Amino acid sequence: MNTFDCIYSRRSTRRYKQVPVELEKVQKVIEAGRFAPSGGNNQSAHFFVILKKDVIQKLVALVEKAFAKMEVTEGMYKSLRNSILQSKKGGYVFCYDAPVLIIVANQKDYGNNMADTACAIQNMMLEANELDLGSCWINQLRWLNEDPDLLAYLQELGMHEDERVYASVIIGYPETEDGLPLRKALDRKGNEVTWI
247 MNTFDCIYSR RSTRRYKQVP VELEKVQKVI EAGRFAPSGG NNQSAHFFVI
297 LKKDVIQKLV ALVEKAFAKM EVTEGMYKSL RNSILQSKKG GYVFCYDAPV
347 LIIVANQKDY GNNMADTACA IQNMMLEANE LDLGSCWINQ LRWLNEDPDL
397 LAYLQELGMH EDERVYASVI IGYPETEDGL PLRKALDRKG NEVTWI
């Protein structure tokens, strides 16, 4: 797959088969993230590759508990609002039951923490597409990166005190008829371009 085709055909996947992803493929996805650009070549991203279902389930429970305590406010970002409302109902699974959750943390006082993380996540999603895996950017852990229970658990998993989560990505085999990601490009309705 050439670069443009990989970018053009990448879509977010929110339904996954409950089969493990081969370790070699997960390693390729991680390496793609590790080779993303970083400000001043700092390479300060910290990748947590979670393959253990019990760890993912613990995170799911902590995320649902944290969102259920929050209130919806006027003008709130739609996805955040939906996460809160679904958590209050119960049964909210922020990571769509994907078999692999990759959390990317970075130093909280580093000026390029979000930009560096975004580059890493994009690289990993493109590599997943090339490997016939589905992927989806996950924001919920970033929205909750100061929740004391979640923060304590992430630190148990190895996150340093001066780090916070800036993004996550899930990967796995899509629950489609052929097991491949949907690759039909969606029309562009936004992302205005002004040529000068």
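Take any residue in the sequence shown, note its place counting from 1, add 246, and you have its number in the numbering used here. By construction, the Cβ of each residue, glycine as well, lies at the ideal position given by its N, Cα and C atoms. None of the values given here were measured: they were computed from a predicted structure.
- Distance from the CA of residue 304 to the CA of residue 252, rounded to the nearest whole angstrom, comes to 33 Å.
- Around the beta carbon of residue 375, a 10 Å sphere encloses 16 or more other beta carbons of the protein chains shown; the residue is thus reported as buried.
- A distance below 7 Å between beta-carbons, with the five flanking residues on each side excluded, links residue 260 to the following residues of its chain, in chain order: 342 and 382.
- The residues 313, 316 and 318, in chain order, have a CB closer than 7 Å to that of residue 330 in the same chain once the five nearest residues on each side in sequence are set aside.
- In this structure, the alpha-carbon of residue 373 lies about 30 Å from that of residue 441.
- Taking a cut-off of 8 Å on C-beta distances, the stretch 349-361 touches the stretch 411-419, as three or more cross pairs fall below it.
- With fewer than 16 other beta carbons inside 10 angstroms of its own, residue 434 counts as exposed.
- Here the alpha carbons of residue 309 and residue 301 stand approximately 12 Å from one another.
- Counting C-beta pairs with one atom in each stretch, the stretch 418-437 and the stretch 353-361 have fewer than three that are closer than 8 Å, which means they do not touch.
- Residue 340 counts as buried, since at least 16 other C-beta atoms from the protein chains shown sit within 10 angstroms of its C-beta.
- In the three-state reduction of the DSSP assignment, residue 383 falls in the strand class, which pools E and B.
- Residue range 394-402 is occupied by the alpha helix (DSSP H) that includes residue 396.
- The residue from 267, 336 and 293 with its alpha-carbon nearest to that of residue 364 is 293.
- Each residue's CA atom was taken as its position, placing residue 392 and residue 385 some 14 Å apart.
- Of the candidates 265, 366, 289 and 326, the residue whose Cα lies closest to the Cα of residue 379 is 265.
- With fewer than 16 other Cβ atoms from the protein chains shown falling within 10 Å of its own Cβ, residue 322 counts as exposed.
- When the beta-carbon positions are compared, residue 345 and residue 262 come within less than 9 Å of each other.
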